[in-house]
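Presented below is the structure to which this report refers.
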Amino acid sequence: MEFPDLGEHCSEKTCKRLDFLPMRCDACQEIFCKDHITYANHKCTSSYKKDIQVPVCPLCDTPIPVKRGEMPDIKVGEHIDRDCKSDPAQRKRKIFTNKCSKGGCKQKEMIRVTCDQCRLNYCLKHRHPLDHDCKTDGKPLSKSGCLSPQEQEDLALAQALAASEEEYRRQQQRQQGRDSKQSTCSLS
């Protein structure tokens with residue numbers, strides 16, 4: 001014996017079971033039986049309001065905050081490109097670090113492209129002096145003015161060593177001159 005006025009029918013189109021303990025979906029507010037109450041089982045169109053999952057970065061295992069209505073994949077991708085602290089993400093970001101020195105150009109290159117005249121870094125489009133309005137008037141800068149401190153120290157050491165060797169040769173020549181003069185003198 002059934003009691004049609006007691007309980008409610010499941011809202012799932014394929015079920016319509018009369019349930020004496022019906023449950024209301026907290027997202028779409030429809031009535032379902034125990035078999036169809038989950039969002040997945042009744043294909044709830046409003047599940048995004050309640051079924052919030054926080055995506056986790058696959059590289060650093062950090063939870064990524066995502067606002068309602070935003071695509072989690074896009075937010076995880078942005079995190080990897082900007083904030084991720086993992087080694088692969090940081091290596092990916094550091095590939096293009098050589099920014100063009102031409103005003104207004106935001107191009108970055110994988111390798112340094114240095115102008116021979118002004119010694120600044122440029123992109124492939126602006127690498128020639130005429131393309132970046134080089135300020136040296138076509139006169140190349142001397143390379144001696146661009147020595148690193150280590151190179152300057154090495155140069156000073158080489159010059160001091162050369163001067164020391166020259167002084168040693170002069171002393172040897174003077175000594176030989178004295179010895180030869182003494183051998184020609186005879187005392188009687």
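The sequence shown begins at 1 in UniProt numbering and counts up by one. Where is the CB? At the ideal position from N, CA and C, for every residue including glycine.
Bounding residues of the alpha helix (DSSP H) (the contiguous stretch that carries residue i)
i: Asp81; result: 72-82
i: Tyr48; result: 47-50
Contact under 7 Å by Cβ, residue i with residue j
i: His36; j: Cys57; result: no
i: residue 263; j: Cys44; result: Residue 263 is absent from the model: the chain starts at 1 and stops at 188.
i: Ser101; j: Leu120; result: yes
i: Cys134; j: Gln117; result: yes
Rounded distance between the beta-carbons of residue j and residue i, thought under 8 Å
i: Glu12; j: His42; result: 5 Å
i: Val76; j: Pro55; result: 5 Å
i: Lys85; j: Gln107; result: Contact doesn't hold; Cβ gap of about 27 Å is too wide.
i: Cys123; j: Val113; result: 7 Å
Selection from the options that minimises the alpha carbon distance to residue i
i: Arg25; options: Ser47, Lys16, Cys15, His128; result: Position check: residue 25 holds Cys in this sequence, whereas Arg was assumed. The candidate whose alpha carbon is nearest that of Cys25 is Ser47.
i: Ile52; options: Ala40, Arg68, Cys60; result: Arg68
i: Cys115; options: Gly103, His128, Glu109; result: His128
i: Cys33; options: Met23, Asp81, Tyr39; result: Met23
i: Cys15; options: Ile74, Ile31, Arg170; result: Ile31
i: His132; options: Glu153, Met110, Gly103, Leu155; result: Gly103
i: Asp83; options: Lys99, Glu70, Pro65; result: Pro65
C-beta neighbour in chain D for residue i, strict 7 Å
i: Arg119; result: Among the chains of the structure shown, chain D does not appear; only one protein chain is present.
For the UniProt domain "AN1-type" (4-52), which segments carrying the alpha helix (DSSP H) assignment without a break, of at least 4 residues, lie completely within its bounds, in sequence order? 47-50
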